Amino acid sequence: MFFTLTDVIFLVIILIFAIVATAKGFINAIFGKLCWILGLIVAFFFYKKLTGYMYQLVHNETISSILCFVLIFVVVFLIVKIIQTVLSKIFDGEIMKGLDRSLGFFFGLLEGFVIVFVFVFILMNQPWFDCSKLFEGSFFIKILQPLLNYTSTNVTIPPVGEVA
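Read in order, the letters of the sequence shown are residues 0 to 163 in numbering that gives the first Met the number 0.
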């Protein structure tokens, strides 16, 4: 099996994610991302419900909206971090710590693989230059090709300059 320079770069990216997630452990790796994602999603969907109450205090709709968004985000972020801390304490024992780190390794591999996939997908679908030579003979591209083909046919990317 022959690896191209592109494969080596992709492998390094995947291994970096795997090593970092192993060092953090599964609980910290997943909750470290979950607190941001969940905080943003919950804040996005619920800030408007609190804006009316905040408006009574601030008397400015824009500032009320921003304050509500930030407030909801911070509350959700902190709740998820508290859950993370509790679960980290549960996984503090020797056997559980090994499991936590092993699961972290696999989570990191998956995360790195997703990052490589997104990078390749963007490069293959951008209109500015042909990157087929860059991926020629790549082991990772052979693995990703069915998923790239499926995604390319089912995900619509608006042309450059068009607002979605």
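Beta carbons: idealized from backbone N, C-alpha and C, even for Gly.
On a predicted model such as this, the values are computed, not experimentally measured, just so you know.
The C-beta distance from residue 23 to residue 111 rounds to 14 Å, too long to meet the 8 Å contact threshold.
Only residues of its own chain outside the window of five on either side were considered, and among them 79 have a CB closer than 7 Å to the CB of residue 33, listed in chain order. Here residue 130 carries a coil assignment [DSSP, helix/strand/coil]. Secondary structure at residue 137: coil, using DSSP grouped into helix, strand and coil.
Closest in C-alpha terms to residue 16, from the list 106, 127, 121, comes 106. In the DSSP assignment, residue 50 falls within the unbroken alpha helix (DSSP H) covering 25 to 57.
Taken through DSSP and simplified to helix, strand or coil, residue 91 comes out as coil.
In its chain, beyond the 5 residues on either side, 99, 102, 103, 106 have a beta carbon closer than 6 Å to the beta carbon of residue 25. Per DSSP, reduced to three states, the secondary structure at residue 2 is coil, with no helix or strand assignment. The DSSP-derived three-state label of residue 74 is helix. Pairwise C-beta distances place the region 32 to 50 out of contact with the region 120 to 134, as fewer than three of them are shorter than 8 Å. Between the region 4 to 11 and the region 133 to 146 there are three or more C-beta pairs closer than 8 Å, enough to call the two in contact. Here the alpha carbon of residue 1 sits roughly 37 Å from the alpha carbon of residue 30. In the structure shown, the three-state DSSP call for residue 144 is helix. Taken atom to atom, the span from the alpha-carbon of residue 43 to that of residue 143 is near 33 Å.
If the five residues before and after residue 3 are omitted, its C-beta is found closer than 7 Å to the C-beta atoms of 136, 137, all from its own chain and listed in chain order.
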